[in-house]
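S.K.:
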Amino acid sequence: MPSDNSRPLPETLREEARLWLRRLTSGEVTEWDAQAFRRWRQASPEHARAFDEAKRQWQALGPAIGQLLQNDEAAAERHDRAMQPVSRGRRLFLRTAGAAVAGAAGAAIVHPPFQLWPSLDEWQADARTAKGERRALAMGEGVQVTLNTQTSIRRDIADAGGGAIDLISGEAAVDMAVGGATFSVQAGVGRSTAREGQFEVRHLDGQVCVTCLRGKVSIDHPKGRLELAARQQATYDGQALGRAAPVDGEAVSAWRRGELVFRQAPLKQVIAEINRYRPGRVMLAATALEDSAVNGRFAIAALDGALLQLQYSFDLKARRLPGGVLVLS
């Protein structure tokens, strides 16, 4: 008869454990968190085992984290902030939970590390897709929203003029029938609205990209309003709103057909895009090749084959690390 430790853990329990680990290493925990964590971990032997498993996976990322700190200035800055002294009110918790974390705080440079699991905001979404998953949602009469990989949304019930969602992170495509009500997508500080047609909104790392494929889309931003016509695209962040520019709609929406299309794209951008779909994490250690141009059409269902093509094209060597990390050098 198999022992309890040999039984597979429910995925929901694994995800709860990862969220707790992320919370413990955030530097923003409280005594209430300490009590809640104790209750959660003591709920059953499976809870304790799930946390230990999550901790081992995080610690296994150590070699890749060191390499990331050397090659990614933004990650290094986040690491410096995460390692700053915590307030006195939080030290009690750190003493309480320190044994449970057992060294995992050093991996708090990314929240979560390498985006291997959802953030707290994403966890609280009304709808969310996993890596490689696509999902179509009906949003009222004549409106369909398709969520791309690793996408989280909330339904915006406060919008009185029509349907709306808050795109927390990821990418969403909106298809609207002729003659329907308006539909809006809030992403960051901006809001994209259309009455009919087709548009896509991508919200990653604080940067938002809006593409109008058919019809017209208006973008409302603290810096002003911008109108997009079919086959136009614009980007914005918290400080600035860009201009409308022509775009290759076939390439932008290729993900809806199960493909990734790159035309003169930098290698580092290609790797970043593959990471959004493929389990684990690919790291490009050959920094001299980061800006090398890539042209290609890759099936999302066969991205390991795409990585092999990139290895041959750029004479890269692949090294596998624990935690599903693949380093190309």
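Take 7 as the starting number for the sequence shown in our numbering and just add one per residue.
We put the beta carbon where it would ideally sit given N, CA and C, even for glycine.
These numbers come from a predicted model, not from an experiment.
1) What's the C-alpha gap between A178 and P51?
2) In terms of alpha-carbon separation, which member of E265, S259, E233, R134 lies closest to A251?
3) Does DSSP put E202 in a helix, a strand or coil?
4) So E256 and F304 are in contact, right, with Cβ under 8 angstroms, and what is the actual spacing, rounded?
5) Can you round the beta-carbon distance between M145 and G169 to whole angstroms, since I take them to be within the 8 angstroms contact cut?
6) Measuring only the C-alpha atoms, how far is D181 from D211?
7) Fully enclosed by the stretch 19 to 54, which alpha helix (DSSP H) runs are 4 residues long or longer?
8) Any idea if A307 is buried or exposed, counting beta-carbon neighbours within 10 angstroms, 16 or more meaning buried?
9) Just the Cα atoms here: how many angstroms apart are G311 and G185?
10) Below 8 angstroms on the Cβ atoms is my guess for L219 versus Q192; work out the distance and round it to an integer in Å.
11) When DSSP labels each residue in this structure, what does A60 get in the three-state scheme?
12) If you follow the beta strand (DSSP E) that V267 is part of, which residue opens it and which one closes it?
13) Excluding the 5 residues preceding and the 5 following R284 in the sequence, name in chain order all residues of the same chain whose CB lies nearer than 6 angstroms to its CB.
14) Going by alpha carbons, who is nearest to T217 out of I159, V276, R249, G244?
15) Sorted by chain position, which residues of the same chain lie with C-beta nearer than 6 angstroms to G112's C-beta, five sequence neighbours on each side aside?
M.R.: So, from the data block:
1) 39 angstroms
2) E233
3) coil
4) About 15 angstroms; that fails the 8 angstroms criterion.
5) 5 angstroms
6) 25 angstroms
7) 37 to 47
8) exposed
9) 44 angstroms
10) At roughly 19 angstroms, the Cβ-Cβ gap does not stay under 8 angstroms, so L219 and Q192 are not in contact.
11) helix
12) 265 to 272
13) L309
14) R249
15) Because G112 carries a pLDDT of 41, less than 50, the predicted location of this residue cannot be relied on, and no value is offered for it.
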